[in-house]
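Input: a single structure, listed below in structure tokens.
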Amino acid sequence: MNNKALVTGVFTPNVSPNFLSQTGWAVLRAVVGVMMIHNGLDKLGNIESFAEAYVQVIGLPFPIFFSYVAAFTELIGSSLLILGLLTRPAAVGLFSTMCVAMYHHVLVAGLNIPYLELSAIYAACFVFFAINGAGLFSTDALIANWLDKNAFSAQAKQIMRLEKAYQATSIEKEVNAMVK
Numbered sequence: 016m017n018n019k020a021l022v023t024g025v026f027t028p029n030v031s032p033n034f035l036s037q038t039g040w041a042v043l044r045a046v047v048g049v050m051m052i053h054n055g056l057d058k059l060g061n062i063e064s065f066a067e068a069y070v071q072v073i074g075l076p077f078p079i080f081f082s083y084v085a086a087f088t089e090l091i092g093s094s095l096l097i098l099g100l101l102t103r104p105a106a107v108g109l110f111s112t113m114c115v116a117m118y119h120h121v122l123v124a125g126l127n128i129p130y131l132e133l134s135a136i137y138a139a140c141f142v143f144f145a146i147n148g149a150g151l152f153s154t155d156a157l158i159a160n161w162l163d164k165n166a167f168s169a170q171a172k173q174i175m176r177l178e179k180a181y182q183a184t185s186i187e188k189e190v191n192a193m194v195k
């Protein structure tokens, strides 16, 4: 795989040109990103307390250092997620912080669902974006389109034509069913 294909692959989202679907992806990115920025700011608000209560408990060395890593991963990764820029790498970093959070929750409270709930929901959202990318309403999609104008545009246009053909066929079937 050449470098251009690798870079384009990082930015190119899975494409479903359905407007509502893509709007949903953008809203999910924004909401989850804003909430994670809040979490990162909370950590920075009292880094020593977070390091003692969370990082030291799970036995990681250099708890202050890893607390800063978690906080800045959440701040920077979430900002990138909101913008839809470098979404896959940002989502992988954020997923990693949620894995550590879930490990902490299991270590402290066992498999207590209410305690694990929020971290697991965040982790699932980040896995979704790590796999699917940011969607069409993102900076990644703009960059992918700019890097490989013909391939990305052609793929999106082909999917849109297929979707329109499918919708036309569905309407035709409904009309035929009504006539019978």
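Residue numbers (this note's numbering): 16 to 195.
Where is the CB? At the ideal position from N, CA and C, for every residue including glycine.
Could you tell me how far apart the beta carbons of residue i and residue j are, in whole angstroms, since I believe they sit closer than 8 angstroms?
i: Ile97; j: Gly48; result: 4 angstroms
i: Ala145; j: Phe110; result: 6 angstroms
i: Phe26; j: Leu162; result: 7 angstroms
i: Ala86; j: Phe141; result: Contact flag wrong, Cβ pair sits at about 16 angstroms.
i: Leu90; j: Gly55; result: 4 angstroms
i: His119; j: Ile73; result: 5 angstroms
Using only CA atoms, which one of the options lies nearest to residue i?
i: Gln71; options: Ala116, Asn33, Gly24, Ala45; result: Ala116
i: Ala159; options: Ile91, Thr23, Phe143; result: Thr23
i: Met50; options: Phe143, Lys179, Ser134; result: Ser134
i: Phe143; options: Leu21, Leu43, Lys19; result: Leu43
i: Arg103; options: Ile136, Ala68, Thr154; result: Thr154
i: Ala41; options: Ala192, Gly99, Gln182; result: Gly99
i: Leu122; options: Tyr69, Ala192, Gly39; result: Tyr69
Go through its chain and collect everything with a Cβ distance to residue i's Cβ below 7 angstroms, but skip five positions before and after it.
i: Ala45; result: Ile97
i: Gly108; result: Thr88, Gly92
i: Phe65; result: Lys58, Ser82
i: Ala138; result: Phe110, Met113, Cys114, Met117
i: Ala124; result: Tyr130
Who are the near neighbours of residue i in its chain, counting only those whose CB is closer than 8 angstroms to its CB and skipping five residues on each side?
i: Ser94; result: Gly48, Ile52
i: Gln37; result: Ser31, Gly150, Leu151, Phe152
What residues in its chain sit with their C-beta under 6 angstroms from that of residue i, if we drop five residues either side in the sequence?
i: Leu75; result: Phe81
* Asked: Would you call the segment 75-90 and the segment 123-141 in contact, with 3 or more CB pairs under 8 angstroms?
  -> no
* Give, in chain order, every unbroken run of the alpha helix (DSSP H) that is at least 4 residues long and sits entirely within the segment 28-106. => 34-60, 62-65, 78-98
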